[in-house]
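K.L.:
Handing you this structure, nothing more for now.
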Amino acid sequence: MSGKVYIGTSGWNYKSWRHSFYGDTPQKQWLWFCAQRFTAIEVNGTFYRLQEKTTYKKWRENTPAGFPFSIKGHRYITHNKKLLDVEGPVIRCRESASPLGQRLAAVVWQLPAFLKKDFRRLEKFAKNLQHWKSTRHAIEFRHKSWFDNEVTDCLCRHAIAVCMSDAPDWPMWEEVTTDVVYIRLHGHTRKYASSYSGRALRKWAARIQRWLRENRDVHVYFDNDAEGAAPRNALTLLEMLR
Numbered sequence: 001m002s003g004k005v006y007i008g009t010s011g012w013n014y015k016s017w018r019h020s021f022y023g024d025t026p027q028k029q030w031l032w033f034c035a036q037r038f039t040a041i042e043v044n045g046t047f048y049r050l051q052e053k054t055t056y057k058k059w060r061e062n063t064p065a066g067f068p069f070s071i072k073g074h075r076y077i078t079h080n081k082k083l084l085d086v087e088g089p090v091i092r093c094r095e096s097a098s099p100l101g102q103r104l105a106a107v108v109w110q111l112p113a114f115l116k117k118d119f120r121r122l123e124k125f126a127k128n129l130q131h132w133k134s135t136r137h138a139i140e141f142r143h144k145s146w147f148d149n150e151v152t153d154c155l156c157r158h159a160i161a162v163c164m165s166d167a168p169d170w171p172m173w174e175e176v177t178t179d180v181v182y183i184r185l186h187g188h189t190r191k192y193a194s195s196y197s198g199r200a201l202r203k204w205a206a207r208i209q210r211w212l213r214e215n216r217d218v219h220v221y222f223d224n225d226a227e228g229a230a231p232r233n234a235l236t237l238l239e240m241l242r
């Protein structure tokens, strides 16, 4: 028995990909185009604004049956409230995304790089996520102070995954806390821009295969979109895993 693999890009509506990836495909069909090639996609726009239910419904209708999504949790929760007193906002995000139903595979919560470890905040936030049990959750820590056993134990208790986040501007925590492994690849040498080499992708492929054999679901989303590397890297990694 093995886990499921979810591989795609962080977003799809990048005009710089028009010629190198989408070709003659009309922009209104770009999501469908991605869904035909990737095994999942991460929605970046949900970080910046609370989407209408009709938007989620449109995404569901414009992809094949069963195609899964991951979404970024809203920055109001992570950056404005900094995880405190967010029961209401978590519920609003849950209700907003409800049209995706079972096709919402995970939510990733990106913490600010300046936010240092505050265990009380984390514990309260983890409890608030109990209001959103219909999907899985991951947290992208961007400050090294979070990387310790106390945080690991909390995440294990609440079945929250560590988001392994590769970028030149912050450290990556390679900790596995659940049966879900969540990875965001932002560009190893140039944030949001640099392409991953074949050697780097083969290393990730080997790790992914090991996690799948351990019956873990693995999410990998490429956020190195600026120069169009993300879709190419995602397709290469998928081919390696086949």
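Residue numbers for the sequence shown follow our numbering, beginning at 1 and rising by one.
Glycine included, each C-beta is placed from N, C-alpha and C at the ideal position.
With a threshold of 6 Å on Cβ separation, who are the neighbours of Gly187 within its own chain once the five nearest residues in sequence on each side are excluded?
P.N.:
Correct list, in chain order: Ala193, Ser194, Asn224.
K.L.:
When the Cα of Ile7 is compared with those of Lys58, His137, Arg184, Asn44, which residue comes out closest?
P.N.:
When only C-alpha atoms are compared, the closest one is Arg184.
K.L.:
Does the beta-carbon of Phe222, which I'm using as the reference point, lie nearer than 6 Å to any heavy atom of the ligand ATP?
P.N.:
As for the ligand ATP, it is missing from this structure, which has no ligand bound.
K.L.:
Beta-carbon separation of Pro99 and Lys53 under 7 Å?
P.N.:
A contact, by the Cβ cut-off of 7 Å.
K.L.:
Can you list, in chain order, the residues of its chain whose CB lies under 6 Å from that of Glu174, leaving out five sequence neighbours each side?
P.N.:
Result list for Glu174: Met164, in chain order.
K.L.:
Suppose contacts are defined by Cβ-Cβ distances below 7 Å. Is Ala200 in contact with Thr177 by that definition?
P.N.:
Cβ atoms of Ala200 and Thr177: not closer than 7 Å.
K.L.:
Taking Ala159 as the reference, which of Tyr48, Gly45, Ile139 has the closest Cα?
P.N.:
When only C-alpha atoms are compared, the closest one is Ile139.
K.L.:
Within 8 Å, do at least three Cβ pairs link the segment 29 to 42 to the segment 76 to 87?
P.N.:
Too few Cβ pairs lie closer than 8 Å, so no.
K.L.:
Do Ser96 and Leu50 have their CB atoms nearer than 7 Å?
P.N.:
It is a contact, given that the beta carbons lie within the stated cut-off.
K.L.:
Should the segment 110 to 124 be called in touch with the segment 142 to 161, which here means at least 3 C-beta pairs below 8 Å?
P.N.:
The answer is yes - the segment 142 to 161 touches the segment 110 to 124, with three or more Cβ pairs under 8 Å.
K.L.:
Skipping 5 residues on each side, what residues in its chain have a beta carbon closer than 8 Å to that of Ala229?
P.N.:
Excluding positions up to five away in sequence, the list reads Gly187, Ala193, Ser194, Ser195, Tyr196, Phe222.
K.L.:
Spatial neighbours of Pro68 within its chain, please: C-beta separation below 7 Å, excluding the five flanking residues on both sides.
P.N.:
Hits under 7 Å: Tyr6, Ala40, Arg103, Ala105.
K.L.:
Using the three-state DSSP reduction, which class does Ala161 fall into: helix, strand or coil?
P.N.:
Note: Ala161 maps to strand in three-state DSSP.
K.L.:
Note down, one range per segment and in chain order, each beta strand (DSSP E) of at least 3 residues found wholly within the segment 8 to 87.
P.N.:
Runs of the beta strand (DSSP E) inside the segment 8 to 87: 41 to 43, 69 to 72.
K.L.:
List the DSSP bridge partners of Arg136.
P.N.:
Bridge partners of Arg136: Ala106.
K.L.:
Consult DSSP for Leu185 and reduce its assignment to one of helix, strand or coil.
P.N.:
Residue state, collapsed to three classes: strand.
K.L.:
If you draw a straight line from the alpha carbon of Tyr48 to that of Gln209, how long is it in whole angstroms?
P.N.:
Taking the straight line joining both Cα atoms gives about 33 Å.
K.L.:
Would you identify the three-state DSSP class for Phe141, choosing helix, strand or coil?
P.N.:
Note: Phe141 maps to coil in three-state DSSP.
K.L.:
Can you list, in chain order, the residues of its chain with a C-beta nearer than 7 Å to that of Lys191? Leave out the 5 residues immediately preceding and following it.
P.N.:
These residues qualify, in order along the chain: Ala167, Pro168, Asp169.
K.L.:
DSSP state of Phe222, grouped into three classes?
P.N.:
Three-state DSSP puts Phe222 in a strand.
K.L.:
Which one of Tyr22, Trp30, Tyr76 has the shortest CA to CA distance from Thr46?
P.N.:
The option with the nearest alpha carbon to Thr46 is Tyr76.
K.L.:
My guess is that His219 and Ser70 are in contact by the Cβ rule of under 8 Å, so how many angstroms apart are they, rounded?
P.N.:
Right, their Cβ atoms sit about 6 Å apart.
K.L.:
Let me know the secondary structure DSSP gives Val180 once reduced to three states.
P.N.:
DSSP places Val180 in strand when its eight states are reduced to three.
K.L.:
For Glu87, which residues in the same chain have their Cβ closer than 7 Å to its Cβ, ignoring the five residues on either side in sequence?
P.N.:
Cβ neighbours of Glu87 beyond the five flanking positions: Asn128, His131.
K.L.:
Which of the three DSSP states, helix, strand or coil, is assigned to Asp166?
P.N.:
Three-state DSSP puts Asp166 in a strand.
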